[in-house]
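According to our numbering, the sequence shown is numbered sequentially starting from 1.
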Amino acid sequence: MSAPLKRTALAEEHLAAGARMVDFGGWEMPLAYGSQLEEHHAVRQSAGMFDVSHMLNVDVSGAGSRDFLRRLIANDVDRLAASGTALYSCMLNPEGGVIDDLIVYFFTPERWRVVVNAATADKDVAWMRRVAASGGFDVAIAPRRDLAMIAVQGPEARERVWAVRPAWRAASEALAPFSAAQVADDTLVARTGYTGEDGFEIVLPAAQAPALWRELAAAGVRPCGLGARDTLRLEAGMNLYGQDMDELIQPGEAGLSWTVSLKDPQRRFIGRDALERHAVPAAFLGLKLLERGVMRAHMAVRTAQGDGEITSGTMSPTLGVSVGFARLPAGVRPGDAAQVEIRGKWVPAQVCKLPFVRHGKAVEHS
């Protein structure tokens, strides 16, 4: 018998709004509240909000925190100097495969926060504790399931947040992208997101989340589900763990080489030896379909340089054509021709750079 689905602090809000609920990584989450298309456009044109409380905030503290994180992840936390700054990285296994992708926030040399994905959260915490113990690092690792997280995204997102929480403006108005400010006890406002639009991800005590959700909705922020979140992130060229990469895929095979820092030869992060010994050559690029059809994960791709595979695909509401990510042979370049097998037919496509959409506008691909 399968375990019952976990629920976030906002589950009753979703049900009351008539959301269609689905199983996502063991959590009961809203797929859509009505029209997924309208939710998508709300984020691109005004403001939408997502319950992302199924993701896990993990506090890392102690004198050994920086050394621990320099060992744990492929990007280098030494890049973070100002309190509240953050970076995106992958946590790798010894073979260089991606255990998870995550965001790390720096507050003080002895206080950090790591935000990990929902489906991998338990595995991630266990791995972090294993690395801490095996390396003898002086750190405490504390999962924070007492916190909820709401992502408010879109060109009007920040103004809508300040409309319902005016006291937060002073601390958060000057935030640069990928930085955060503590605006109240256990309440963090970060200028981050997963949609390609501006906005905030707000972490706050779970008991306070329903009231904020209702106030944001009253201020015109549209509740959005996983369906819109997926089309938005795909247009924005953002990977989904478990689909575009996993423990068998190295960062370079998923277009994430930029998240790996090899500058400091003394920093022997887990997986570095494997990447230096045998980095797998591959191209990870976008595809635009040139005829009718919709690309989906695992569809076959063929190019002049060889065969590949779609990792994520959808119909782009902003562009009106199907777009996707593809793992392709090394040597494939933007502008090259490709074909995708859809229901037994090879449909022409064009290879292009990512993203497809930036700040609500189509990115021109020559």
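For glycine and all other residues, C-beta sits at the position ideal for the given N, C-alpha and C.
Counting along the chain, D124 sits inside the alpha helix (DSSP H) bounded by residues A121 to G135. With a cut-off of 8 angstroms on Cβ pairs, the stretch 303 to 310 is in contact with the stretch 319 to 336, counting three or more such pairs.
The criterion of a C-beta distance shorter than 9 angstroms is satisfied by R71 and G135. For A132, the closest of G313, I99 and S61 by C-alpha to C-alpha distance is S61. Assignment of F68 by DSSP, reduced to helix, strand and coil, places it in the helix class. Per DSSP, the beta bridge partners of W112 are V60 and F106. For the options M245, P317 and A119, the alpha carbon positioned closest to that of F24 is the one of A119. The criterion of a C-beta distance shorter than 9 angstroms is satisfied by H359 and D198. Our two residues, P281 and E253, have alpha carbons roughly 7 angstroms apart in a direct line. About 11 angstroms separates the Cβ atoms of E12 and M21, ruling out a contact at the 8 angstroms cut-off. DSSP, reduced to helix, strand and coil, places T231 within a helical segment of the structure shown. In the structure shown, the three-state DSSP call for V280 is coil. Beyond the five residues adjoining it in sequence on each side, P355 comes within less than 7 angstroms, by CB distance, of G196, E235, A236, G237 and V363 in the same chain, given in chain order. Fully enclosed beta strand (DSSP E) runs of no fewer than 3 residues occupy 300 to 303 of the stretch 284 to 313, in order along the chain. For A218, the uninterrupted alpha helix (DSSP H) run begins and ends at A209 to A218, by DSSP. The Cβ atoms of L319 and V351 do not sit closer than 9 angstroms to each other.
A9 is positioned such that its CB atom lies closer than 9 angstroms to that of S53. In the DSSP secondary-structure assignment, C90 is bridged to D101. By the criterion of at least three beta-carbon pairs nearer than 8 angstroms, the stretch 82 to 99 is in contact with the stretch 255 to 272. Secondary-structure assignment with DSSP links F200 through a beta bridge to V152. With fewer than 16 neighbouring CB atoms inside 10 Å of its own CB, P94 falls in the exposed class. Counting only runs that start and end inside the stretch 313 to 340, the beta strand (DSSP E) elements of at least 3 residues fall at 322 to 328. Apart from sequence neighbours up to five positions away, the residues of its chain that approach A121 with a beta-carbon distance below 7 angstroms are L56, ordered along the chain. Our two residues, V189 and L240, have alpha carbons roughly 23 angstroms apart in a direct line. Within the stretch 139 to 189, the complete alpha helix (DSSP H) runs of at least 4 residues fall at 157 to 164 and 169 to 172.
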